[in-house]
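One line per chain: the protein sequences are A and B, in this order. Under my numbering, the residue at position 19 of the first sequence is numbered 19, and the numbers go up by one with no gaps. Under my numbering, the residue at position 32 of the second sequence is numbered 1032, and the numbers go up by one with no gaps. Just so it is clear, CB atoms sit at the ideal spot from N, CA and C, and this is done for glycine as well.
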Amino acid sequence: MKGTQRETSFQYQLWGYRIISDFDLGELEPAADDNCQSGSIHLILAADKDWVRADRRALEYHLANGDLWQESWNAGGGYVSRFPGLCSFRILPDQMRIECAPQPGIGSSTIVHLILDHAIPRLLSLKPGSLVIHASAVQVEDEVIAVLGQSGQGKSTLAAWFASQGFPILTDDCLLLRWHEAARQWLAQPSYGSVRLWPDSVDALGIEESALREFAHYSSKKRTGKQADFRFAAEGAPLKACFVLAGLGNSIPEDPTAGNSEQQHCGPPKVRRLAVNEAFLALAQAVFRLDAEDEQINRREFEILTGLTDTVRFWSLAYERKYDWLPAVQSAIINALRASSHEPEKRKLP
Amino acid sequence: MPLPEKFQIPKCVLSRTVGTETILLNLDTSTYHSLNSVGGRFWTLILQGKDFDQALAALRDEYDVEPGKLEADLHELCEELQSLSLLQRAA
């Protein structure tokens, strides 16, 4: 049964790790030795009553209405990350272990979502040589492009649109970048084979109801299953470009993590190259974190983010949130990539 | 004759030049800042141990800008950087 403990652990593969789990994470592929060379992550069902709270809160995120969405604090060699009313996690990076304590009555889909899309990305964000950003990503002409934006702005819809047009998708929400020492560059890593979509996106993309499952109890988003006719990338590839979604005026209010909209855009999609400070800020805002104040983490993150800003191309992308525009958005992105291919190669990291 | 103004960059401040801009991180406040090309060049000169007058002279040579305006802009920049604890007067 999903979200409940079993005597025998489940084993999956994700981002090169073997996930040894007390939970049924049906979205993931079963573990295969060849695909688990980064090590193991242990996912344990636990009770949070003994978890110690430190004095210092390391990070907190609030919803647009001011309610607390997530907080984390140092605790016994790791972090406790709490999603009030939903679930708490104790994340122990040295042991590559996540303890999960769901609140009573919280459904399995919500727990699985919080494990896959919050707890594991935040654990990996603590690993040197890794960075996890809130972005969707697809492969276009041998290059990986990422789409950055707030929840509800359309990252998943854009990724699903590209996937429906035959472009392999790497992720719809959590993009893991891993440093490849031999290639001296950051590789975007494929996540798992599912996309989360709003009902109107499901309709617009023509996805059958039978290919969908509940995403989380608090959202009308649906999660696509293996029946959806999307192509998922099998291997990592260099991240070459990022498109940052401009404020669209259409964030979806029922999504608890959706930010406030800033401005409307009407008419054909527009792309604009971002200045360095804009690109850096967009990346910095997209990072999955457990601790915003730890000096060592911030030093490492600064090096990574400035390096990415120096080597990846960034555009702002504004489009009217009508599905009829998606082909034009696709063309705008591809045209921008092609036009920039005539520019000198961006600096390679030393 | 007054001593030249000498500044130093606190150990808690990291910087890196990317293209024409310089990104700064204050580790004590966990906040990022950026400088344009002129500000970034000034920052580099301070990092190299130049005092204010030496940095000003170097920038006058490098940029086609009215000298009085450049000096006023740099004074303003120094004040702003100090207010953000990104720069401090050397002892």
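Counting only beta-carbon atoms, is residue i nearer than 9 Å to chain B?
{"i": "Pro-128 of chain A", "result": "no"}
{"i": "Asn-298 of chain A", "result": "yes"}
{"i": "Thr-257 of chain A", "result": "Any reading at Thr-257 of chain A must be qualified, since the residue scores a pLDDT of 45, below 50, and its modelled position is unreliable; no value is offered."}
{"i": "Asp-310 of chain A", "result": "yes"}
{"i": "Phe-167 of chain A", "result": "no"}
{"i": "Phe-302 of chain A", "result": "yes"}
{"i": "Ala-336 of chain A", "result": "no"}
{"i": "Glu-27 of chain A", "result": "no"}
{"i": "Glu-320 of chain A", "result": "no"}
{"i": "Glu-295 of chain A", "result": "yes"}
{"i": "Pro-350 of chain A", "result": "In this prediction, Pro-350 of chain A has a pLDDT of 48, which is less than 50 and means its spatial position is unreliable; what the coordinates show is noted afterwards. No - not a single Cβ of chain B is within 9 Å of the one on Pro-350 of chain A."}
Counting contacts by CB-CB distance shorter than 9 Å, is residue i in contact with chain A?
{"i": "Thr-1020 of chain B", "result": "yes"}
{"i": "Ile-1023 of chain B", "result": "yes"}
{"i": "Leu-1027 of chain B", "result": "yes"}
{"i": "His-1075 of chain B", "result": "no"}
How would you label residue i, buried or exposed, when you count the other beta carbons within 10 angstroms and need 16 or more for buried?
{"i": "Leu-1047 of chain B", "result": "exposed"}
{"i": "Arg-122 of chain A", "result": "buried"}
{"i": "Ser-210 of chain A", "result": "exposed"}
{"i": "Gly-154 of chain A", "result": "buried"}
{"i": "Ala-279 of chain A", "result": "buried"}
{"i": "Leu-86 of chain A", "result": "buried"}
{"i": "Thr-110 of chain A", "result": "buried"}
{"i": "Ser-316 of chain A", "result": "buried"}
{"i": "Asn-74 of chain A", "result": "buried"}
{"i": "Pro-102 of chain A", "result": "buried"}
{"i": "Leu-337 of chain A", "result": "buried"}
{"i": "Asp-1053 of chain B", "result": "exposed"}
{"i": "Gly-105 of chain A", "result": "exposed"}
{"i": "His-118 of chain A", "result": "buried"}
{"i": "Thr-1022 of chain B", "result": "buried"}
{"i": "Val-80 of chain A", "result": "buried"}
{"i": "Ser-331 of chain A", "result": "exposed"}
{"i": "Ala-1055 of chain B", "result": "buried"}
Which chain B residues are close to residue i, counting only those with a beta carbon under 8 Å from its beta carbon?
{"i": "Glu-71 of chain A", "result": "None at all; the shortest Cβ gap to chain B is about 16 Å."}
{"i": "Val-276 of chain A", "result": "Val-1018, Gly-1019, Thr-1020, Glu-1021, Ile-1023 and Ser-1034"}
{"i": "Ala-292 of chain A", "result": "Ser-1030"}
By the criterion of Cβ-Cβ separation under 9 Å, what are the contact partners of residue i in chain B?
{"i": "Leu-281 of chain A", "result": "Tyr-1032 and Ser-1034"}
{"i": "Ala-284 of chain A", "result": "Tyr-1032"}
{"i": "Val-329 of chain A", "result": "What Val-329 of chain A touches in chain B: nothing, since even the nearest Cβ is about 27 Å away."}
Helix, strand or coil, according to DSSP, for residue i in the structure here?
{"i": "Ile-297 of chain A", "result": "helix"}
{"i": "Gly-78 of chain A", "result": "strand"}
{"i": "Met-1 of chain A", "result": "Note that Met-1 of chain A scores 43 on pLDDT, short of 50, meaning its location in the model is unreliable and no value can be drawn from it."}
{"i": "Cys-100 of chain A", "result": "strand"}
{"i": "Ala-1090 of chain B", "result": "coil"}
{"i": "Leu-1025 of chain B", "result": "strand"}
{"i": "Glu-1005 of chain B", "result": "coil"}
{"i": "Gly-39 of chain A", "result": "strand"}
{"i": "Val-1065 of chain B", "result": "coil"}
{"i": "Leu-123 of chain A", "result": "helix"}
{"i": "Phe-10 of chain A", "result": "strand"}
{"i": "Asp-1073 of chain B", "result": "helix"}
{"i": "Gln-70 of chain A", "result": "strand"}
{"i": "Arg-1060 of chain B", "result": "helix"}
{"i": "Phe-167 of chain A", "result": "coil"}
{"i": "Gln-95 of chain A", "result": "helix"}
{"i": "Gln-1054 of chain B", "result": "helix"}
{"i": "Glu-278 of chain A", "result": "helix"}
{"i": "Ala-47 of chain A", "result": "coil"}
{"i": "His-134 of chain A", "result": "strand"}
{"i": "Glu-1080 of chain B", "result": "helix"}
{"i": "Leu-59 of chain A", "result": "strand"}
{"i": "Gln-285 of chain A", "result": "helix"}
{"i": "Ser-1037 of chain B", "result": "helix"}
{"i": "Lys-155 of chain A", "result": "helix"}
{"i": "Phe-83 of chain A", "result": "strand"}
{"i": "Phe-89 of chain A", "result": "strand"}
Would you mind telling me which residues of chain A sit closer than 7 Å to residue i, beta carbon to beta carbon, in chain order?
{"i": "Arg-1016 of chain B", "result": "Thr-306"}
request  = Please list the segments of the beta strand (DSSP E) lying wholly inside the region 170-257 of chain A, counting only runs of 3 or more residues, in order along the chain.
outcome  = 174-180, 185-189, 212-214, 222-224 and 237-245
inquiry  = Please give me, in chain order, every unbroken run of the beta strand (DSSP E) with length at least 3 that falls completely inside the region 298-333 of chain A.
reply    = 313-318
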